[in-house]
Amino acid sequence: MVTPYGNSSIIKVFLFCLLLDATALLLPAQASTAAVLASSCFLLFTFYFFRDPNRNIPDDDRIILAPADGKIILVQEHHESFTGGPSTLISIFMSPFNVHVNRIPVDGKVTFLRYRPGLFHMAFDHRSMENNEKMEIGIDNGSVRVLFSQVSGFLARRIVCTLQEGDTVRAGKRFGMIKFGSRVDVILPSSVTILVRPGLKTRAGETVLAKY
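Add 145 to a position in the sequence shown, counting from 1, and you land on the number used in the numbering used here.
Right, here's the structure in full:
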């Protein structure tokens, strides 16, 4: 399945490849074949990038799920007023080869939503957490507050978020994506039990980051 979040990008790539193939017909046979092959590979990768596989969402209302596919590159102490002060920051790096559809990490209500423009540092550079363009989302369910951010990167300059403040959401449900690789930062209150460490790979909507 291909995510509808990628429809506009897929159409643009398709039209570009169509134009490239038409132009390739004017080239010598060998060059024409190479151009058509290159455009076909580019189009196939675009479909691959916007894939959206189904996930087996754990049936447990006391867990916090990974909002993104990728690799955990940071778990450290943090201070965040939204989550009540002392917290834990978990950063997930998304390479261009990961599934890029993002999912809700915890049941609750969206009580905070803020878009912040910024720079475009490489996603694995921890400066990106503070300085890059991002969409910050806060969810409160009465038992726990979770703040997470879709962070843009050097290549990823298109954040898609369909949430609105006041929405009631369910863990594991799709809510957007970051196009072409980046990171998602998750901030959890100190009251939860962290179950992951740096180096572990995550699957959005399946990997359990913490219990509360």
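Heads up, the beta-carbon is just placed ideally off N, CA and C, and yes, glycines get one too.
All values derive from a computational prediction rather than experimental measurement.
**Item:** Residue of R196, L165, V353, T352 minimising C-alpha distance to A183
**Value:** L165
**Asked** Taking the runs of the beta strand (DSSP E) that are 3 residues or longer, which of them lie wholly in the stretch 224-252?
**Response** 230-239, 246-248
**Prompt:** For T352, does the count of other Cβ atoms within 10 angstroms reach 16, so buried, or fall short, so exposed?
**Reply:** buried
**Message:** Strictly by DSSP, which residues pair up with A355?
**Reply:** I209, I339
**Prompt:** Who are the near neighbours of K346 in its chain, counting only those whose CB is closer than 6 angstroms to its CB and skipping five residues on each side?
**Reply:** K216
**Request:** Taking the CB atoms as reference points, tell me whether K279 and V296 lie closer together than 7 angstroms.
**Result:** yes
**Asked** To the nearest whole angstrom, what separates the beta carbons of A213 and M239, a pair I think is in contact under 8 angstroms?
**Response** 6 angstroms
**Asked** Per DSSP, what kind of secondary structure is P149 in: helix, strand or coil?
**Response** helix
**Prompt:** When DSSP labels each residue in this structure, what does L188 get in the three-state scheme?
**Reply:** helix
**Asked** Quick one, which of A167, I332, L189, F192 has its alpha-carbon nearest A180's?
**Response** A167
**Prompt:** Are the beta-carbon atoms belonging to C306 and G283 less than 7 angstroms from one another?
**Reply:** no
**Asked** With DSSP run on the structure shown, which of helix, strand or coil describes G288?
**Response** Per the sequence presented here, residue 288 reads as Ser, with Gly not at that position. Coil, per DSSP.
**Asked** With respect to the beta strand (DSSP E) encompassing I405, which residues constitute its N-terminal and C-terminal limits?
**Response** Residue 405 lies beyond the residue range present for the chain, which begins at 146 and ends at 357; the question has no answer from this structure.
**Item:** Residue range of the beta strand (DSSP E) that includes R196
**Value:** Here R196 belongs to no beta strand (DSSP E), and DSSP marks it neither H nor E.
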